[in-house]
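Numbering (this note's numbering), first residue to last: 14 to 65. The C-beta atom is built at its ideal place from N, Cα and C for all residues, glycine as well. To start, the structure under review is shown below, and the notes come after it.
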Amino acid sequence: MLKWLRSKLNLAYSNSIFNLEREEMNWDLRRQQIQSDYEKSIKRFSESNRTS
Numbered sequence: 014m015l016k017w018l019r020s021k022l023n024l025a026y027s028n029s030i031f032n033l034e035r036e037e038m039n040w041d042l043r044r045q046q047i048q049s050d051y052e053k054s055i056k057r058f059s060e061s062n063r064t065s
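This is how it looks when you write it as structure tokens:
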């Protein structure tokens with residue numbers, strides 16, 4: 014019984030670590046996307062200012 018409980022707790026712990034790491038990766042991708050969108054709009058803005 015104790016062994017079973019310990020294995021369940023270990024599984025829950027490793028799942029939560031995995032989910033946290035996955036969440037962190039998602040935030041990283043989101044941050045990169047935001048940064049790239051920001052840089053594109055800055056570039057577009059400066060190009061439109063040059064032509065006008």
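Query - Spatial distance of Gln45 from Trp17 (CA atoms) - result: On the sequence shown, position 32 is the one that residue 45 refers to. On the sequence shown, position 4 is the one that residue 17 refers to. About 42 Å.
**Report entry** Pairwise C-alpha distance: Glu36 and Arg19
**Finding:** Position 6 of the sequence shown holds residue 19. Position 23 of the sequence shown holds residue 36. For Arg19 and Glu36, the distance between alpha carbons rounds to 26 Å.
**Report entry** Distance between Asn32 and Tyr26 (C-alpha atoms, nearest Å)
**Finding:** Here residue 26 refers to the residue found at position 13 when the sequence shown is read from its first residue. Here residue 32 refers to the residue found at position 19 when the sequence shown is read from its first residue. C-alpha separation (whole angstroms): 10 Å.
Query - As assigned by DSSP and simplified to three states, the class of Met14 - result: Counted from its first residue, the sequence shown places residue 14 at position 1. Met14 falls in the coil class under three-state DSSP.
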